[in-house]
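These protein sequence lines are chains A, P, X, R and W, in that order. Here my numbering = 1-based position in the first sequence + 4. Here my numbering = 1-based position in the second sequence + 4. Here my numbering = 1-based position in the third sequence + 2. Here my numbering = 1-based position in the fourth sequence + 4. Here my numbering = 1-based position in the fifth sequence + 4. Each residue gets a CB set at the ideal place from its N, CA and C atoms; glycine is no exception.
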Amino acid sequence: MASLPLRHEREGVTLSPRAAYEAALRRKSIRLAVVSSLAFAAAVVIFVPMAPGWEAVRTAFFNWDLLVETFPKLLQAFLIDLMLFAWCAPAILVLALVIALMRNISSPTLFPLKVFAIFYTDLFRSVPIILTVYIVGFGIPGLGLQAPWNSPYLWGSVALTLTYSAYLAEVYRSGIESIHKSQTSAALSLGFSQGDVMRFIILPQMVSRIMPAIMNFMVSLQKDVALLSFIGPIEVLRQANVFKALYANFTPYVGAAILFLCITIPATRFSDYLIARERARRTG
Amino acid sequence: MASLPLRHEREGVTLSPRAAYEAALRRKSIRLAVVSSLAFAAAVVIFVPMAPGWEAVRTAFFNWDLLVETFPKLLQAFLIDLMLFAWCAPAILVLALVIALMRNISSPTLFPLKVFAIFYTDLFRSVPIILTVYIVGFGIPGLGLQAPWNSPYLWGSVALTLTYSAYLAEVYRSGIESIHKSQTSAALSLGFSQGDVMRFIILPQMVSRIMPAIMNFMVSLQKDVALLSFIGPIEVLRQANVFKALYANFTPYVGAAILFLCITIPATRFSDYLIARERARRTG
Amino acid sequence: AGCADGKTMTSGVLTIATGNPAYSPWVMNDAPESGEGYEAAVALELARRLGFEKSAVAWVRTSFDEAIQPGPKNFDFNLQQFSIRPERAQAIDFSDPYYLAGKALVVRKDVAERLGSDLSAEKIRDLQFGGASGQTSAIFISKVIKPTKDVLLYEDLSDVQAAMMANQAEATVVDVPTSLFLTAVRYPDGRIVGQFAKSNDETDDKFGLLFAKGSPLKDCANKALADMKADGTLANLEATWLNKKAGIPVIDLGK
Amino acid sequence: MTKLSIRNLRKSFGALEVCKGISLDLAKSELICLIGGSGSGKSTLLRCLNLLEHIDDGEILLDGEDISVPGYDPERVRRRIGMVFQSYNLFPHMSVLKNLTLAQTRIRKTPPAEAKDLAMELLLRFGLADKAETYPDKLSGGQQQRVAIARALAMEPEILLLDEITSALDPELVGEVLRVVRDLKAQGITMLLATHEMGFARSVADRVAFLSGGSLLEVAPPEKIFTQPDHEQTRQFLKRVLDPI
Amino acid sequence: MTKLSIRNLRKSFGALEVCKGISLDLAKSELICLIGGSGSGKSTLLRCLNLLEHIDDGEILLDGEDISVPGYDPERVRRRIGMVFQSYNLFPHMSVLKNLTLAQTRIRKTPPAEAKDLAMELLLRFGLADKAETYPDKLSGGQQQRVAIARALAMEPEILLLDEITSALDPELVGEVLRVVRDLKAQGITMLLATHEMGFARSVADRVAFLSGGSLLEVAPPEKIFTQPDHEQTRQFLKRVLDPI
Ligand SMILES: Nc1ncnc2c1ncn2[C@@H]1O[C@H](COP(=O)(O)OP(=O)(O)OP(=O)(O)O)[C@@H](O)[C@H]1O
Ligand SMILES: Nc1ncnc2c1ncn2[C@@H]1O[C@H](COP(=O)(O)OP(=O)(O)OP(=O)(O)O)[C@@H](O)[C@H]1O
Ligand SMILES: [Mg+2]
Ligand SMILES: [Mg+2]
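Rendered as structure tokens:
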């Protein structure tokens with residue numbers, strides 16, 4: 005069903021009765037949203053503290069003083085997360101694409117590549133990521149690499165990239181396969197090579213379809229760089245863990261969560277905005 | 005491009021020159037695949053052990069005796085994983101669908117639900133899953149619940165379900181939005197309600213599109229039930245962790261990985277088979 | 003001096019690793035450099051005897067995983083209440099013990115009231131135990147106490163404590179010094195109801211320094227430790243940093 | 005008796021006004037053909053009538069009741085008004101048979117066996133009985149179009165909106181569709197049919213409506229419109245159309 | 005001079021044999037219209053010629069060279085043979101203009117400005133200049149079809165395979181397409197055109213090929229085929245077709 009357009013209001017023209025009615029409906033529902041959210045929040049704020057254990061739980065998870073005390077160090081550790089994310093994310097996006105393309109091969113001569121891609125996704129998805137981190141992060145440097153080539157940052161990132169790209173490759177694959185075959189036919193008939201069809205026709209259409217799923221990966225990767233802490237680097241979740249152990253209190257995790265929220269929410273909203281804009285341009 | 009059909013061979017009819025040529029091509033590529041895989045495996049088997057640290061790495065990760073010794077207990081702990089998976093997976097699939105449907109609402113009266121769904125996905129994706137596990141697993145029972153209602157199995161599963169369904173909801177959303185609007189138009193014009201359109205037209209088409217992505221979630225959930233071990237239950241990765249600490253050796257993780265592989269690979273292959281069959285039926 | 007020459011990672015510097023964080027009373031205030039806390043004091047004294055003054059000691063932090071990984075280590079020795087266990091000998095080396103820990107049973111306040119003075123083996127086996135994964139106490143729980151309910155295992159002691167506060171675990175076992183610190187500072191609602199009789203077998207907790215497999219420094223350290231034991235230094239440090247164990251009733255689990 | 009009445013209907017896409025105040029009355033069992041150039045707004049008008057597009061202004065009266073008021077239950081309307089789309093819009097995940105029976109069993113609560121009988125009857129009529137178990141992506145263009153028509157007919161609506169329903173059909177099948185349309189008329193079904201085929205319009209319509217650039221310029225019986233239209237514009241369109249080369 | 009030669013082409017989908025050994029020669033700059041009932045295999049034949057379907061048997065000779073041998077580079081063929089699809093298959097993520105220019109700049113290496121000029125010229129010719137920046141999903145059926153034709157023409161192929169290219173067009177535009185087709189013929193382009201519109205076939209074709217159930221029954225100049233076909237089956241088809249009601 006067509007959703008109600010907001011256009012008229014913005015333009016500030018005099019409203020027809022129809023438009024006025026719809027505007028009223030919209031206003032009413034927004035009021036309802038606000039009221040019901042407030043009511044829910046109020047219920048939580050009023051009733052939860054009445055539970056017998058509330059005081060202990062509050063201290064364990066929401067200790068303001070501890071939050072203030074630990075936050076600067078958490079923030080500092082968060083920079084490591086950002087740094088790891090900054091180089092893992094592009095590597096994952098690209099490697100996953102390569103795997104997905106190999107997975108998609110139909111030519112018999114390149115069949116071995118397809119087998120490799122299947123093997124790759126099966127293996128790295130099945131093996132617990134923690135083992136991959138251990139084997140790649142401890143095992144490979146343990147074979148006798150010297151500094152700087154034994155850096156846990158390096159090999160930890162490699163481990164993350166291997167695992168994440170196995171998962172993301174499958175998402176790409178579902179995106180690629182969701183494009184109707186007639187698009188490929190049309191592009192081929194114009195003389196595009198298989199590679200060009202992928203690059204100009206399939207991938208652009210796929211990306212906007214699977215964008216929410218890709219954002220999923222970015223959001224979760226941002227937190228999974230914490231796995232690297234198993235092999236050394238002290239990023240924000242590890243730092244929160246240290247504080248937790250030190251103070252026997254979970255508040256530092258809340259501090260970490262706040263940091264993550266500050267990145268995730270704007271990023272998700274922005275990607276949603278881009279998708280919506282693209283959709284509007286295409287279908288009106 | 006049309007992939008080469010295998011049909012003729014199977015039927016055992018005499019081959020036309022064209023079919024014979026293609027069959028030869030296929031055989032050649034399979035040979036190539038086998039040979040190149042073997043070559044790669046051989047290279048690994050020959051060269052890696054020549055690294056100076058190989059002996060130490062081999063002992064740390066691939067200790068056969070230790071594997072044999074720890075495997076029975078790992079297997080036993082794996083049953084807990086399976087059990088947790090067995091009830092979390094359906095809960096996640098359903099809850100995620102509910103959230104995705106709420107996210108997809110366009111009616112202004114139900115707008116609050118949409119806001120809630122956005123809030124939900126933002127929150128539970130941003131908050132590190134470990135914090136969710138701690139807050140739900142320790143915090144809620146800590147409010148004063150008595151046995152059996154304070155069970156870590158219960159609340160740990162709740163935490164997992166909350167987080168995973170936030171992620172999966174976004175995958176559903178991208179699936180739903182990838183169905184062309186004309187399908188909705190057609191169904192509505194037949195008199196279907198919005199709900200029926202979703203149920204009979206959008207969801208069935210979406211599911212087969214995002215199946216690989218859903219399998220991703222199942223594969224990773226199977227291993228993330230390990231997060232429950234933070235609040236007590238001893239599942240296979242925790243058991244491996246215990247052995248690791250006991251023997252100062254990572255081999256038990258390899259044992260756990262083997263168990264995961266035994267489930268993941270058949271499951272993925274089976275879902276791929278179903279998708280391929282469905283696709284063949286639809287497009288030939 | 004002399005024994006350790008050329009055997010350290012960086013010449014002229016002794017690199018000692020401890021946990022992140024390091025717990026009291028082993029290291030006070032998570033600050034090993036100060037030399038306060040039993041392990042910090044032992045480490046510095048040992049360093050001195052090996053010829054490294056306080057200023058020549060570098061402290062690093064490692065997790066257990068980093069301590070046992072197969073590659074080169076970033077420390078000369080590592081101490082964070084590592085128990086000397088024969089199973090670990092394939093991967094790493096231990097020094098002789100620098101502390102022999104007794105084990106205490108810590109329970110929730112309400113459980114302590116329920117138990118009263120009845121410390122019979124059956125009563126104790128019926129408790130819901132929680133333990134920190136990978137630590138010797140957890141092994142002690144399952145191998146020696148053999149509780150009737152499945153043990154719950156956690157990341158570290160603070161999680162065990164949280165589980166006890168959440169009513170999910172009733173009891174845990176920790177070494178005696180930790181138990182005293184725990185109930186005095188961290189978890190006032192916890193009660194030490196008893197300590198376990200030593201069994202003089204592999205379930206006893208002997209803490210040792212951890213070395214990379216085949217570290218040449220091990221013999222020097224063992225010699226210094228033996229000296230410290232012989233001249234009473236270890237006992238003195240123990241008296242300074244680890245509270246008395248007196249007054250805790252002894253639990254006999256029988257055999 | 006007026007079955008469907010369109011009053012001053014307006015619809016814009018952004019700055020583009022596609023329906024510029026269209027008014028038209030359809031009597032019960034009347035068949036009006038909508039002709040006009042490509043992009044003149046035929047499909048959009050039909051979509052508006054089925055409440056698939058949100059209209060900007062005007063009224064749509066079904067049996068005298070305004071179905072275009074905001075909040076009016078669109079499902080009730082659509083059960084009574086069937087539509088065949090220019091682009092067919094078959095459901096690709098269902099066999100042809102299922103495409104025809106799902107709405108029957110689900111919405112009209114027809115028993116499955118009955119629904120299947122009706123569907124098979126329609127498929128037989130359109131020469132598609134052997135394709136019942138096939139999926140839409142495996143059909144030729146004309147086969148898909150016939151399935152789309154059959155799907156709408158299976159719902160036995162009171163009003164049918166038909167958008168270019170013969171464009172992919174060979175003339176032989178066009179004849180069959182013409183017969184079907186006449187049958188439906190005889191059953192009292194009201195129809196609005198957008199078409200480019202003037203011959204078809206001429207032979208089937210009660211009245212022909214000429215749409216140009218979003219405005220309804222002229223509505224008249226086919227003989228009149230094809231021989232002596234009122235408007236100069238209509239005359240010119242038909243002149244070019246009937247003798248294009 | 006024979007440009008494209010089809011020899012005994014066979015194609016099955018599973019048990020359904022859609023092309024039952026079709027042979028046909030197209031001379032350079034010849035225009036052959038393919039007629040036949042819905043489902044008779046017209047679209048499939050065209051797809052086979054463009055190597056979009058894997059054929060089971062037979063040969064396709066382009067300038068005497070067999071392009072159907074396994075392993076022959078299909079891109080080289082498709083650069084020379086253009087195709088317009090019955091279902092248009094526009095690229096929904098690109099503006100109309102981009103739909104027309106991408107292949108030019110990418111494959112023919114036309115400079116962007118030149119490609120744009122050619123595209124705009126084609127759009128103007130088809131009355132779509134104002135839709136250059138619009139996206140395909142916002143176009144009417146006829147507008148999409150015209151864009152699809154323009155997209156193929158922009159590649160200036162030697163041979164054009166056209167599948168029902170006038171089905172969504174009003175007669176006025178059909179006239180325009182007819183003019184375009186004649187121009188192309190004059191430029192020496194060879195065309196194979198599947199159509200349901202006998203009038204169109206009659207006025208444009210050099211020869212007409214009648215396809216029935218996957219077999220090519222008869223190929224002859226339009227005057228002959230429409231007045232005195234050799235085959236009884238052709239006669240009957242045309243009889244029903246030309247006087248369907
Ligand atoms: N992918 C496919 N799988 C199975 N059958 C198919 C497939 N594509 C087409 N067919 C069948 O092949 C036959 C010929 O189809 P084709 O599209 O070539 O017909 P056509 O002559 O173009 O018809 P129309 O005029 O209706 O477009 C039809 O019966 C159709 O159902
Ligand atoms: N969603 C949309 N957004 C913007 N413009 C649109 C949209 N849908 C249609 N249009 C425009 O509205 C006009 C009318 O389109 P419509 O589909 O109603 O034409 P039509 O008369 O059915 O044409 P045809 O005979 O070619 O099918 C066209 O110019 C088209 O480009
Ligand atoms: Mg239209
Ligand atoms: Mg066709």
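Residue 189 of chain A belongs to the set of residues whose beta carbon lies under 7 Å from a beta carbon in chain W. Taking 7 Å as the cut-off, the beta carbon of residue 256 of chain P is found no closer than this to the beta carbon of residue 63 of chain P. According to DSSP, residue pairing for residue 129 of chain W in a beta bridge does not occur. Residues of the segment 212-226 of chain P that bring their beta carbon within less than 8 Å of a beta carbon in chain A comprise 213, 214, 215, 216, 217, 219, 220, 223 and 224, in sequence order.
Taking a C-beta distance under 7 Å as the contact criterion, residue 183 of chain A and residue 209 of chain A qualify as a contact pair.
Taking non-hydrogen atoms of ligand 1 into account, the C-beta of residue 214 of chain W is found less than 6 Å away from none of them. Inclusion of residue 167 of chain P and residue 133 of chain P in the CB contact set at 7 Å is warranted, their separation being smaller than that value. As a beta-bridge residue in DSSP terms, residue 61 of chain X pairs with X:18. Residues whose Cβ lies closer than 5 Å to any heavy atom of ligand 2, listed in chain order: A:288, R:17, R:22, R:42, R:43, R:44, R:45, R:46, R:47, R:48, W:142, W:143, W:144, W:145 and W:146. A check of alpha carbon separations from residue 240 of chain A across A:116, A:82, A:120 and A:26 identifies A:82 as the nearest.
Under a criterion of Cβ atoms nearer than 7 Å, no residue of chain R is adjacent to residue 282 of chain A; the nearest Cβ is some 16 Å distant. The CB of residue 74 of chain R comes closer than 9 Å to the CB of 8, 22, 25, 26 and 29 in chain A, given here in chain order. Not a single CB atom of chain A sits nearer than 7 Å to the CB of residue 112 of chain X.
For residue 196 of chain R against residue 165 of chain R, the beta-carbon gap comes to about 5 Å, under 8 Å, which counts as contact.
Assignment of residue 176 of chain R by DSSP, reduced to helix, strand and coil, places it in the helix class. Spatial neighbours of residue 192 of chain P in its own chain (CB-CB distance under 7 Å, excluding positions within 5 residues in sequence) are listed in chain order as 201. Around residue 188 of chain X, the beta-carbon contacts reaching into chain A at under 7 Å are 252. In this structure, the CA atom of residue 238 of chain X is about 30 Å from the CA atom of residue 252 of chain A.
Residue contact with chain A for residue 169 of chain W: absent (no Cβ-Cβ distance below 7 Å to any residue of chain A). As a beta-bridge residue in DSSP terms, residue 80 of chain X pairs with X:19 and X:212.
Legend: CB atoms of the segment 59-74 of chain R lying less than 7 Å from CB atoms of chain A belong to residues 61 and 74.
By the criterion of at least three beta-carbon pairs nearer than 8 Å, the segment 20-27 of chain R is in contact with the segment 213-220 of chain R.
Using a Cβ-Cβ cut-off of 7 Å, residue 78 of chain X does not count as an interface residue toward chain A, since no Cβ of chain A sits closer than that to its own. Residue environment: residue 277 of chain P is assigned as exposed (fewer than 16 neighbouring CB atoms within 10 Å of its CB, all protein chains considered).
In this structure, residue 161 of chain W sits away from residue 94 of chain W, with a CB-CB distance that is not shorter than 7 Å. The C-alpha of residue 16 of chain X is placed about 9 Å away from the C-alpha of residue 56 of chain X. Residue side-chain check: residue 240 of chain W keeps its Cβ at 6 Å or more from all non-hydrogen atoms of ligand 3. Counting the other CB atoms within 10 Å of its CB gives residue 59 of chain P a total below 16, which places it among the exposed residues.
Going by DSSP, residue 189 of chain X is part of no alpha helix (DSSP H) at all; its letter is neither H nor E. Taken from the Cβ of residue 90 of chain W, at least one heavy atom of ligand 4 lies inside 6 Å. Secondary structure at residue 164 of chain R: strand, using DSSP grouped into helix, strand and coil.
Residue burial is scored here from C-beta neighbours: residue 36 of chain W has at least 16 other C-beta atoms within 10 angstroms and is therefore classed as buried.
When only Cα atoms are considered, residue 118 of chain W and residue 92 of chain A end up about 42 Å apart.
Counting of Cβ neighbours within 10 angstroms places residue 188 of chain P among the buried residues, the total reaching 16 or more. Under the 7 Å criterion on CB atoms, residue 175 of chain W is classed as interfacial with respect to chain R. DSSP, reduced to helix, strand and coil, places residue 11 of chain R within a strand of the structure shown.
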